[in-house]
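Sequential numbering from 346 applies to the sequence shown in my numbering.
All C-beta atoms, glycine included, are put in the ideal place defined by N, C-alpha and C.
Quick caveat: nothing in here was measured; it's all calculated off a predicted structure.
Notes follow the structure.
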Amino acid sequence: MNQDQSNIKSDINQNQSSIEITNMNMPSVYTGEKGGMKGINHEKIEKIIYETTKNSRIFKRREEDLAYLKQEVIALEKKLENFHKNEILYNQVTQLAKSRIEFLKEQRRFDKIWMHLDMDMFFAAVEIRDDPSLANIPIAVGGMAMISTSNYIARKYGVRSAMPGFIGLKLCPQLKFIEPHFHKYKEESHKIMEILEEYDPEIESMGLDEAYLDLTNYCKEKKIYSKEEIKELVINIKKKIFEKTKLTCSCGIACNKTLAKICSDYNKPDGFFFLDYEPKIIEEFIEKLSIRKIPFIGSKTESKLNLLNIYTCKDLMDRYVDLFYLGEESFDFYMKNCYGIGSYEHREIQDEKSISRSFSFKMNGDINYLRGILDNLTRRVLKNMERNKVNCKTVTVEVTNLTEKKTSKGKTINKGFQSGTLIFETAFDLLRDLLEKGVKIRMLRVKVSGLIKYEDEDEKGKRITSYFDNLKDAYKKQQEEKNVLMEIKEEKILNSKDINNNFKTNIKKDIKEKSKSKGKKKLSVPCADIFKLLQNMKTYSKSNNEKK
Ligand SMILES: [Mg+2]
346 MNQDQSNIKS DINQNQSSIE ITNMNMPSVY TGEKGGMKGI NHEKIEKIIY
396 ETTKNSRIFK RREEDLAYLK QEVIALEKKL ENFHKNEILY NQVTQLAKSR
446 IEFLKEQRRF DKIWMHLDMD MFFAAVEIRD DPSLANIPIA VGGMAMISTS
496 NYIARKYGVR SAMPGFIGLK LCPQLKFIEP HFHKYKEESH KIMEILEEYD
546 PEIESMGLDE AYLDLTNYCK EKKIYSKEEI KELVINIKKK IFEKTKLTCS
596 CGIACNKTLA KICSDYNKPD GFFFLDYEPK IIEEFIEKLS IRKIPFIGSK
646 TESKLNLLNI YTCKDLMDRY VDLFYLGEES FDFYMKNCYG IGSYEHREIQ
696 DEKSISRSFS FKMNGDINYL RGILDNLTRR VLKNMERNKV NCKTVTVEVT
746 NLTEKKTSKG KTINKGFQSG TLIFETAFDL LRDLLEKGVK IRMLRVKVSG
796 LIKYEDEDEK GKRITSYFDN LKDAYKKQQE EKNVLMEIKE EKILNSKDIN
846 NNFKTNIKKD IKEKSKSKGK KKLSVPCADI FKLLQNMKTY SKSNNEKK
């Protein structure tokens, strides 16, 4: 374990020295570690990537992003400085943060056996299997524009997936490019998934070469209880896959999906790692991880946290008060990961083929009243359709009546609905059909399905160029809104004695006023934030009262 600790340490050092070379605090997206990239010369790689990309648009954009990020971090640091000076506030926030961590910890479960399986350099491995002459040279599946997979020899040079081929060639001039053969990869993937389905019929595959398996039921059925027995099971699964495909894979076994995924990366290639179920062992394991190992922490968030002097999960854990103060949503995300709270169930199959909006209200049967709601719901559905550039073929209206019975009715037009008026008129007709005389309802839903994507070529170009600007604007706006919310929070925390049932109303009023003073018509603050805050306030005032 000390080995890993020193690995992370040296990673950090390497990252830091690369800052000096490139004058970029944002490590290149191409240098995050992948299987087989441990101990490689990050500094040299970063330098070559810098030389190759410094005049490109991507690089300029990253520089802009970084400048923006630095500004943001300066503001955050200023905020933290003031926060640290305010002893009362600091103590109160500490209490809240502590109770939040305790609350989160209660969500930990140890009754599931999750495995994440990841094929080793999948596309490259298939190519090498079919042409052994490729085994001892650096290869990349893909082309000059993009590399899909590289083998471990190429990775030693820093060549990795999702990297443009021309950069790969700069890093490793003797790199051999192989044209991808997707039909072959699909075929192999099918064989692998078939094997895995024996162990978990609900298997969740992520692309062709990765899958999450919930082994809990299988183990119960086969009376597999001990750690040794589970290890044996995993070795057997790996063996079966190898016999069928002559390909190797790496597995991680842990109490939840997130940890299993981190573990599958731990002993790559052709290895596996079983993470014990002891909370203490789990925490010790996570502490040592670099923050980049946490799923969904990308290069931007990593840079931002690095600028705040946070490099490892231990740093995240140590800075819990600051993180809580800076935003509860990300605080929850970080702490969940640090304390080993992940998903314990298979992802729900999402209905991406429809868009719907619903509204609940006090029992009502007045058609004019309902028409107003329907109008509003249709507008919201339309907005979403526009955003996704889709037309629909079917409109459905669903209502819930007094006895909680749901009834729905739909209409399909083969040509597809293209106008908002038509969608509304159809929905209104359907609603009238659903409402027998005198029937009252308490929920109304408008759903469109049979979605067809349309693409306006002219607009497509425009959209791409304005995409990043929009993204930045949206981000700025979001930050502003967060700041307003934070100001309100501070006041409220300071006056926490006055917390009463009117708190919610007050905070909403405050938000309105604050947004007015900022010259905005309307400010949308996520309700979840307010409720979370309220919940924390309650826990806090409760524990305070108990102390008294
Ligand atoms: Mg893989």
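Exercise. What residues come near ligand 1, if near means a beta carbon less than 7 Å from any of its heavy atoms?
Worked result: Asp463, Met464, Asp465, Met466, Phe467, Asp554 and Glu555
For this session: May I have a chain-ordered list of the alpha helix (DSSP H) segments no shorter than 4 residues that lie completely inside the stretch 459-488?
Result: 467-475
For this session: Kindly examine ligand 2 and report whether one of its heavy atoms sits closer than 7 Å to the Cβ of Tyr395.
Result: Among the ligands modelled here, namely ligand 1, ligand 2 does not occur.
Problem set entry | Host alpha helix (DSSP H) of Val579 (start-end) | Reading the sequence shown from its first residue, position 234 is the one you call residue 579. Residues Lys572 to Thr590.
Problem set entry | Contact the stretch 659-668 vs the stretch 565-585: 3+ CB pairs below 8 Å | no
Exercise. Smallest Cα separation from Asn481: which of Arg500, Lys738 and Ala490?
Worked result: One-based indexing of the sequence shown puts residue 481 at position 136. Checked all of Arg500, Lys738 and Ala490; the closest Cα to Asn481 is Arg500.
For this session: Would you kindly work out how many angstroms separate the C-alpha atoms of Asp610 and Trp459, rounded to a whole number?
Result: Counted from its first residue, the sequence shown places residue 610 at position 265. Counted from its first residue, the sequence shown places residue 459 at position 114. Cα to Cα, the separation comes out at about 14 Å.
Exercise. Taking the C-alpha atoms as reference points, what is the distance between Leu775 and Arg790?
Worked result: As a position in the sequence shown, residue 775 is number 430, starting the count at 1. As a position in the sequence shown, residue 790 is number 445, starting the count at 1. Whole-angstrom Cα-Cα distance: 11 Å.
For this session: Give the C-beta separation of Lys576 and Phe619 to the nearest angstrom, bearing in mind that I take them to be a contact with Cβ-Cβ under 8 Å.
Result: Working through the sequence shown from its first residue, we reach residue 576 at position 231. Working through the sequence shown from its first residue, we reach residue 619 at position 274. At roughly 6 Å, the Cβ-Cβ gap stays under 8 Å, so Lys576 and Phe619 are in contact.
Problem set entry | Backbone CA spacing between Cys683 and Tyr570 [nearest angstrom] | Taking the first residue of the sequence shown as position 1, residue 683 is located at position 338. Taking the first residue of the sequence shown as position 1, residue 570 is located at position 225. So the alpha carbons of these two residues sit roughly 27 Å apart.
Exercise. Apart from the five residues just before and just after Lys698, which ones in its own chain have a Cβ nearer than 8 Å to its Cβ?
Worked result: Within the sequence shown, numbered from 1, the residue matching residue 698 stands at position 353. Result list for Lys698: Ser794, Gly795 and Leu796, in chain order.
Exercise. What alpha helix (DSSP H) runs, 4 residues minimum, are completely inside the stretch 618-704?
Worked result: 624-632, 644-652, 658-663, 665-671 and 673-683
For this session: Measure the CB-CB distance between Ile627 and Ile636 and report whether it falls below 8 Å.
Result: Within the sequence shown, the letter at position 282 stands for residue 627. Within the sequence shown, the letter at position 291 stands for residue 636. With a cutoff of 8 Å on beta-carbon distance, Ile627 and Ile636 are scored as not near each other.
Problem set entry | Limits of the alpha helix (DSSP H) - the one that Gly717 falls within | Position 372 of the sequence shown holds residue 717. Per DSSP, Gly717 belongs to the alpha helix (DSSP H) from Ile712 to Asn733.
For this session: Report the partner residues of Phe566 according to the DSSP bridge assignment.
Result: Sequence index remark: in the sequence shown, residue 566 carries index 221 (1-based). The question names Phe, but residue 566 in the sequence shown is Glu. Answer is none; Glu566 lacks a bridge partner.
For this session: Have a look at Asn721 and Ser675 and give me their C-alpha separation to the nearest angstrom.
Result: Here residue 721 is taken as the residue at index 376 of the sequence shown, counted from 1. Here residue 675 is taken as the residue at index 330 of the sequence shown, counted from 1. The straight-line gap separating the alpha-carbon atoms of Asn721 and Ser675 is approximately 32 Å.
For this session: Kindly indicate which residue of Arg402, Ile718 and Val735 has the alpha-carbon position closest to the one of Phe769.
Result: Position 424 of the sequence shown, counted from the start, is the residue given in the question as residue 769. Closest in alpha carbon position to Phe769, among Arg402, Ile718 and Val735, is Ile718.
Problem set entry | Beta-carbon proximity list for Leu715, same chain, < 7 Å, skipping 5 on both sides | Position 370 of the sequence shown, counted from the start, is the residue given in the question as residue 715. Taken in chain order, the residues that qualify are Asn709, Leu776 and Leu789.
For this session: For Glu804, name the three-state secondary structure that DSSP assigns.
Result: Walking along the sequence shown from the start, residue 804 turns up at place 459. With a pLDDT of 44 at Glu804, under the threshold of 50, the modelled position of this residue cannot be trusted; read the value that follows with caution. Residue state, collapsed to three classes: helix.
Exercise. By the 10 Å Cβ neighbour count, where 16 or more other Cβ atoms means buried, how is Glu690 classified, buried or exposed?
Worked result: Within the sequence shown, residue 690 is the residue found at index 345, counting from 1. It is exposed - the Cβ of Glu690 has fewer than 16 other Cβ atoms within 10 Å.
For this session: Pair every Cβ in the stretch 598-612 with every Cβ in the stretch 484-495, then say whether three or more of these pairs are closer than 8 Å.
Result: no
Exercise. For the candidate residues Thr752, Gly685 and Leu650, whose alpha-carbon lies nearest to that of Lys625?
Worked result: By one-based count along the sequence shown, residue 625 stands at place 280. Among Thr752, Gly685 and Leu650, the Cα nearest to that of Lys625 is on Gly685.
Exercise. Under a three-way DSSP split, which group does Leu558 fall into?
Worked result: In the sequence shown, residue 558 corresponds to position 213, counting from 1. Reduced to three states, the DSSP call for Leu558 is strand.
Exercise. To the nearest whole angstrom, what separates the beta carbons of Leu516 and Ile390, a pair I think is in contact under 8 Å?
Worked result: On the sequence shown, position 171 is the one that residue 516 refers to. On the sequence shown, position 45 is the one that residue 390 refers to. About 6 Å; that satisfies the 8 Å criterion.
Exercise. Apart from the five residues on each side of it in sequence, which residues of its chain come closer than 6 Å, Cβ to Cβ, to Leu926?
Worked result: Outside the modelled stretch of the chain, which goes from 346 to 893, sits residue 926, for which no answer is possible.
For this session: Hey, could you find the ends of the alpha helix (DSSP H) Val504 is sitting in?
Result: Against the sequence shown, residue 504 aligns to sequence position 159. Where Val504 is concerned, there is no enclosing alpha helix (DSSP H), given that its DSSP letter is neither H nor E.
Exercise. Whose C-beta lies closer than 7 Å to the C-beta of Asp843 among residues of the same chain, with five residues either side of it excluded?
Worked result: Within the sequence shown, residue 843 is the residue found at index 498, counting from 1. Note that Asp843 has pLDDT 44, beneath the 50 cutoff, so the model's placement of it is unreliable and the number below is only indicative. Answer for Asp843: no residue qualifies.
Exercise. Hey, how far is the Cα of Arg725 from the Cα of Tyr670?
Worked result: For the purposes of this step, residue 725 is taken as the residue at position 380 of the sequence shown. For the purposes of this step, residue 670 is taken as the residue at position 325 of the sequence shown. Approximately 34 Å between the Cα atoms of the pair.
Exercise. Within this structure, are the beta carbons of Ile403 and Gly503 separated by less than 8 Å?
Worked result: Taking the sequence shown and counting its residues from 1, one reaches residue 403 at position 58. Taking the sequence shown and counting its residues from 1, one reaches residue 503 at position 158. Between Ile403 and Gly503, the CB-CB gap reaches or exceeds 8 Å.
Exercise. In whole angstroms, what is the alpha-carbon distance linking Leu634 and Phe527?
Worked result: Position 289 of the sequence shown, counting from 1, holds the residue named residue 634. Position 182 of the sequence shown, counting from 1, holds the residue named residue 527. One C-alpha to the other measures close to 34 Å.
Problem set entry | Separation of Asn729 from Lys645, as counted between CA atoms | Taking the first residue of the sequence shown as position 1, residue 645 is located at position 300. Taking the first residue of the sequence shown as position 1, residue 729 is located at position 384. Answer to the nearest angstrom: the Cα atoms are 28 Å apart.
For this session: In the DSSP assignment, find the beta strand (DSSP E) that holds Cys596 and state where it starts and stops.
Result: Numbered from 1 along the sequence shown, position 251 holds the residue referred to as residue 596. Cys594 to Ala599 is the span of the beta strand (DSSP E), which, as asked, contains Cys596.
Problem set entry | Distance, Val418 Cα to Tyr563 Cα | The residue given as residue 563 occupies position 218 in the sequence shown. The residue given as residue 418 occupies position 73 in the sequence shown. A direct Cα-to-Cα measurement between Tyr563 and Val418 gives close to 48 Å.
Problem set entry | 8 Å CB neighbourhood of Glu472 in its chain, flanking five on each side removed | In the sequence shown, counting from the first residue as 1, residue 472 sits at position 127. Contacts found: Leu479, Ile484, Val486, Ile523 and His526.
Exercise. Which of the three DSSP states, helix, strand or coil, is assigned to Val742?
Worked result: Along the sequence shown, one-based indexing puts residue 742 at 397. Val742 falls in the strand class under three-state DSSP.
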